[in-house]
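Colleague: First the structure, then my questions, so here it is.
Numbering (my numbering), first residue to last: 9 to 426.
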């Protein structure tokens, strides 16, 4: 038996050896196929686009004029090494009936292929926003080479090209300053909040929520702001400044909120991270300032007696007193802190209610997103009123409640004012 089994074992071993060799050969072939980069692009052959600006074509021959801000890596590198380089960016401008057409036409003006994977902002002029922004975000949403987490902003009183051609002091790359301004403002004051391309496309789904975008203008002489003299001047001849939130209906700009209404919209959407609320002194002349350190907004939808939706907004705030210009106010007493907390709640509630009133009566635009809330929480009601939401929205009732807890008044108790 043992003599007969040896040839069989040898045959089995030979088969395993051949199978192992075939497996190795297959792995080597796969590695050969995977070793190359089919879409390899060398950095020195690309023009990295950091921002897009869309304006009306001044000639009227095309539907739009596109301006792109492109980084100049050689100048940025020279500056980082302590050398004297030129400007960190440049811009190219071209007209077309679509963004894609304008981008391709720009190849006649640049030696590098435009690369959009690092684009941070889409800036839309006021005039183009009034015509409609949905066609402008379609390319970004459809093209896999462009990320959808691009911040979107509307210009106010200036062209998008003017904003992109502005030199800035705080950041050598202008779009970095524009981009950070919105995030810093949202974190510290909340009159504006960041809106991305993917947020806009999501709003086009169920719920019929209307768009609200931050707006930006230029303070100073925009012509002087295009040169390096703007960077070397104290203060700068022209600077970018955030304005209030721009409200849209069906993708078209209709109007702007005022500062308090803009922050009211931030309260509604739970975008407030921190802000300051100025109050009149409770029992004397003067003012005091409360810093909101934590904020949370909860929205509920209930069915009213008439079968229509009722929106309930509950705000919970935590803050501390930062400035007191009230003589004789003893903030060390608990009843005083409770009173200031109640005054803060009333002020915030007033901001929210004024925003709701403006959206319903003047703008007739559901930028508050109530249609989405009804769709999510009361689908039966939404199916009944969806077709008439534009006429139903201005009549929807709302109830706003706010509770503020004042945690303290810093390291000082009573007011320094007598």
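C-beta atoms are modelled at their ideal positions from N, C-alpha and C, and glycine is treated no differently.
(1) Could you give the first and the last residue of the continuous alpha helix (DSSP H) run that contains residue 95?
(2) Measuring only the C-alpha atoms, how far is residue 7 from residue 402?
(3) Looking at the structure shown, is residue 383 part of a helix, part of a strand, or coil, going by DSSP?
(4) Cβ of residue 246 within 8 Å of Cβ of residue 228?
(5) For residue 411, which option in 136, 185, 302 has the closest C-alpha, if you only look at C-alpha atoms?
(6) Expressed to the nearest angstrom, what Euclidean distance is found between the alpha-carbon atoms of residue 223 and residue 168?
(7) Report buried or exposed for residue 118, applying the criterion of at least 16 other Cβ atoms within 10 angstroms of its Cβ.
(8) Does the separation of the CB atoms of residue 351 and residue 273 fall below 8 Å?
(9) Going by C-alpha to C-alpha distance, which of 33, 104, 78, 79 sits closest to residue 63?
(10) Have a look at residue 136 and residue 173 and give me their C-alpha separation to the nearest angstrom.
(11) Starting from residue 354, follow the alpha helix (DSSP H) in both directions and report where the run begins and ends.
(12) In or out: residue 370 buried (at least 16 other Cβ within 10 Å) or exposed?
(13) May I have the straight-line CA-CA distance separating residue 162 from residue 132, to the nearest angstrom?
(14) Between residue 65 and the rest of its own chain, which residues show a CB-CB distance below 7 Å, the 5 nearest in sequence each way excluded?
(15) How many Å lie between residue 242 and residue 75 at the Cα?
(16) Please state whether DSSP places residue 317 in a helix, a strand or coil.
(17) For the candidate residues 321, 36, 160, 219, whose alpha-carbon lies nearest to that of residue 189?
(18) Under three-state DSSP, which class holds residue 103?
(19) Are there three or more Cβ pairs, one per stretch, closer than 8 Å when the stretch 192-209 is compared with the stretch 228-238?
(20) Look up residue 135 in the DSSP assignment and say whether it is helix, strand or coil.
(21) When the distance is taken between beta carbons, is residue 299 closer than 8 Å to residue 336?
(22) Just to confirm, is the Cβ distance from residue 349 to residue 414 under 8 Å?
(23) If you draw a straight line from the C-alpha of residue 166 to the C-alpha of residue 158, how long is it?
(24) Pick out whichever of 54, 271, 151, 356 has its Cα sitting closest to the Cα of residue 221.
(25) When DSSP builds the beta bridges, which residues end up paired with residue 59?
(26) Which residue comes first and which comes last in the beta strand (DSSP E) that contains residue 215?
(27) Could you pull the DSSP bridge partners for residue 223 from this structure?
(28) Out of 33, 275, 312, 56, which has the shortest C-alpha to C-alpha gap to residue 129?
(29) Just the C-alpha distance for residue 82 and residue 97, rounded to the nearest angstrom, thanks.
(30) Tell whether a beta-carbon distance below 8 Å holds between residue 373 and residue 210.
(31) Using three-state DSSP, classify residue 142 as helix, strand or coil.
(32) Between residue 36 and residue 59, what straight-line distance do the alpha-carbon atoms span, to the nearest angstrom?
(33) Suppose you measure from the CA of residue 332 to the CA of residue 290; what does that come to, to the nearest Å?
(34) I need the boundaries of the alpha helix (DSSP H) containing residue 168, first residue and last residue.
(35) Please state the DSSP three-state secondary structure of residue 194.
(36) Can you give me the Cβ contacts of residue 310 inside the same chain, cut-off strictly under 7 Å, excluding the 5 residues immediately before and after it?
Modeller: According to the structure shown:
(1) As a working note, residue 95 is residue 87 in the chain shown. Element bounds for residue 95: n/a, residue is neither H nor E.
(2) Since the first residue of the chain shown is 9 and the last is 426, residue 7 is not available in this structure.
(3) By one-based count along the chain shown, residue 383 stands at place 375. Of the three classes helix, strand and coil, the one that applies to residue 383 here is helix, per DSSP.
(4) Here residue 246 is taken as the residue at index 238 of the chain shown, counted from 1. Here residue 228 is taken as the residue at index 220 of the chain shown, counted from 1. Closer than 8 Å, so yes.
(5) Stepping through the chain shown from its first residue, residue 411 is reached at position 403. The option with the nearest alpha carbon to residue 411 is 302.
(6) Here residue 223 refers to the residue found at position 215 of the chain shown. Here residue 168 refers to the residue found at position 160 of the chain shown. Approximately 11 Å, taken between the alpha carbons.
(7) If you number the chain shown from 1, residue 118 lands on position 110. Its Cβ having fewer than 16 others within 10 Å, residue 118 is exposed.
(8) Residue mapping note: residue 351 aligns to position 343 of the chain shown, counting from 1. Residue mapping note: residue 273 aligns to position 265 of the chain shown, counting from 1. Cβ atoms of residue 351 and residue 273: not closer than 8 Å.
(9) Counting from 1 along the chain shown, the entry for residue 63 is found at position 55. It is 104.
(10) Here residue 136 is taken as the residue at index 128 of the chain shown, counted from 1. Here residue 173 is taken as the residue at index 165 of the chain shown, counted from 1. C-alpha separation (whole angstroms): 18 Å.
(11) Residue 354 sits at position 346 when you count from the first residue of the chain shown. Unbroken alpha helix (DSSP H) run through residue 354: 342-365.
(12) Residue 370 sits at position 362 when you count from the first residue of the chain shown. Result: exposed.
(13) To locate residue 162, count along the chain shown from 1; it is residue 154. To locate residue 132, count along the chain shown from 1; it is residue 124. When rounded, the distance between both Cα atoms is 5 Å.
(14) Residue numbering aside, residue 65 sits at position 57 when the chain shown is read from its first letter. Excluding residues within five positions, the ones whose Cβ falls inside 7 Å are 71, 72, 73, 103.
(15) Counted from its first residue, the chain shown places residue 242 at position 234. Counted from its first residue, the chain shown places residue 75 at position 67. Going by the C-alpha atoms only, they are around 28 Å apart.
(16) Against the chain shown, residue 317 aligns to sequence position 309. Residue 317: strand per DSSP, three-state reduction.
(17) Locating residue 189 in the chain shown gives position 181, where the first residue counts as 1. Nearest option by C-alpha distance: 160.
(18) By one-based count along the chain shown, residue 103 stands at place 95. DSSP places residue 103 in strand when its eight states are reduced to three.
(19) no
(20) For the purposes of this step, residue 135 is identified with residue 127 of the chain shown, where counting begins at 1. Residue state, collapsed to three classes: helix.
(21) The residue labelled residue 336 in the question sits at position 328 within the chain shown. The residue labelled residue 299 in the question sits at position 291 within the chain shown. Taking 8 Å as the Cβ cut-off, residue 336 and residue 299 do not qualify as a contacting pair.
(22) Within the chain shown, numbered from 1, the residue matching residue 349 stands at position 341. Within the chain shown, numbered from 1, the residue matching residue 414 stands at position 406. Yes.
(23) Along the chain shown, read from residue 1 onward, the residue named residue 166 stands at position 158. Along the chain shown, read from residue 1 onward, the residue named residue 158 stands at position 150. Spanning the two alpha carbons is a distance of roughly 21 Å.
(24) The sequence position of residue 221 within the chain shown is 213, counting from 1. If we check each option's Cα against that of residue 221, 271 comes out closest.
(25) Along the chain shown, one-based indexing puts residue 59 at 51. Residue 59 is bridged to 77, 129.
(26) Reading the chain shown from its first residue, position 207 is the one you call residue 215. Taken as a continuous stretch (DSSP letters only), residue 215 belongs to no beta strand (DSSP E), as it is neither H nor E.
(27) Here the question's residue 223 lines up with position 215 in the chain shown. Paired residue(s): 162.
(28) Mapped onto the chain shown, residue 129 falls at position 121. The shortest Cα separation from residue 129 among 33, 275, 312, 56 belongs to 56.
(29) On the chain shown, residue 82 is found 74 positions in, with the first residue counted as 1. On the chain shown, residue 97 is found 89 positions in, with the first residue counted as 1. Roughly 10 Å between the two C-alpha positions.
(30) For this step, residue 373 is matched to residue 365 along the chain shown. For this step, residue 210 is matched to residue 202 along the chain shown. Contact flag unset, no.
(31) Your numbering for residue 142 matches position 134 in the chain shown. It is helical.
(32) Residue mapping note: residue 36 aligns to position 28 of the chain shown, counting from 1. Residue mapping note: residue 59 aligns to position 51 of the chain shown, counting from 1. Approximately 43 Å, taken between the alpha carbons.
(33) In the chain shown, the residue the question calls residue 332 occupies position 324. In the chain shown, the residue the question calls residue 290 occupies position 282. The alpha-carbon atoms of residue 332 and residue 290 are separated by roughly 11 Å.
(34) In the chain shown, the residue the question calls residue 168 occupies position 160. Per DSSP, residue 168 belongs to the alpha helix (DSSP H) from 168-172.
(35) As a working note, residue 194 is residue 186 in the chain shown. Residue 194: helix per DSSP, three-state reduction.
(36) Position 302 of the chain shown, counted from the first residue, corresponds to residue 310. Excluding residues within five positions, the ones whose Cβ falls inside 7 Å are 318, 320.
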